[in-house]
Amino acid sequence: MISSALSGPINELDGARLVPLEEGAIMPLAEAIVAIPPWSVMNYSANALAKFLASPDGGAARYLVQVGNEAAGAVSVRFPWLKGPYLELLALLPSFQGRGIGSEIIGWFEQEGIRLGARNLWVCASSFNARAVRFYRRHGFHEAATFSGLVADGYDEILLRKFPLQAKR
Numbered sequence: 001m002i003s004s005a006l007s008g009p010i011n012e013l014d015g016a017r018l019v020p021l022e023e024g025a026i027m028p029l030a031e032a033i034v035a036i037p038p039w040s041v042m043n044y045s046a047n048a049l050a051k052f053l054a055s056p057d058g059g060a061a062r063y064l065v066q067v068g069n070e071a072a073g074a075v076s077v078r079f080p081w082l083k084g085p086y087l088e089l090l091a092l093l094p095s096f097q098g099r100g101i102g103s104e105i106i107g108w109f110e111q112e113g114i115r116l117g118a119r120n121l122w123v124c125a126s127s128f129n130a131r132a133v134r135f136y137r138r139h140g141f142h143e144a145a146t147f148s149g150l151v152a153d154g155y156d157e158i159l160l161r162k163f164p165l166q167a168k169r
């Protein structure tokens, strides 16, 4: 089970913390996330995202990103996945973007991968979401594959991979 694999239920970062996602926070968070790109571009529904976030899944850990007492976004990590963790969702609401929180989450994600002995770290971004692709590349991720129609018809998703700094290749 992933909850026992990833460190603690609450993960303190410098500018935020990751806490287990509770049912009452899911729909308001889903509504806020689907209002921003890339979800808004693909007309992703709040109900579909809420269903994903609420579905019990022993292979994924889902977190609410909190800054102070405010909901700042959501994170979902799947482990194991192709010999490492997969950051299947990193969504920060606009007022929390550009503050270094995403970088802190990537740092936490990489440290978890190292701690777990992962050979790979994985993320995915919509090809039209140039800002996300640049963000992941800036953090050492490299394109591994492109998938057409993975999330929505007519859109490509880019799978990116990183070797954890302390992992042996």
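This note's numbering numbers the first residue of the sequence shown as 1 and each following residue consecutively.
We put the beta carbon where it would ideally sit given N, CA and C, even for glycine.
Three-state secondary structure (DSSP) at residue i?
i	result
Ala125	strand
Tell me whether residue i is buried or exposed, calling it buried when 16 or more other Cβ atoms sit within 10 Å of its Cβ.
i	result
Lys162	buried
Glu23	exposed
Asn129	buried
Arg134	exposed
Give me the Cα-Cα distance between residue i and residue j, rounded to the nearest whole angstrom.
i	j	result
Glu104	Ala74	13 angstroms
Asp57	Val19	17 angstroms
Leu87	Ser76	6 angstroms
Glu157	Val151	7 angstroms
Gly107	Phe52	24 angstroms
Closest by CA to residue i, which one among the options?
i	options	result
Gln97	Arg137, Leu21, Ile26, Ile33	Ile33
Arg138	Gly102, Ile114, Arg115, Ser127	Gly102
Leu13	Ala118, Tyr155, Arg99	Arg99
Gly140	Phe147, Val123, Trp39, Asp153	Val123
Beta-carbon of residue i versus every beta-carbon of chain C: anything under 9 angstroms?
i	result
Lys162	Here chain C cannot be found, since the structure has a single protein chain.
Mind pulling the alpha helix (DSSP H) runs of 4 or more residues that sit fully within the region 83-144?
101-115, 130-138
At what residue ranges does the region 56-85 contain a whole run of the beta strand (DSSP E), taking only runs of 3 or more?
60-67, 70-78
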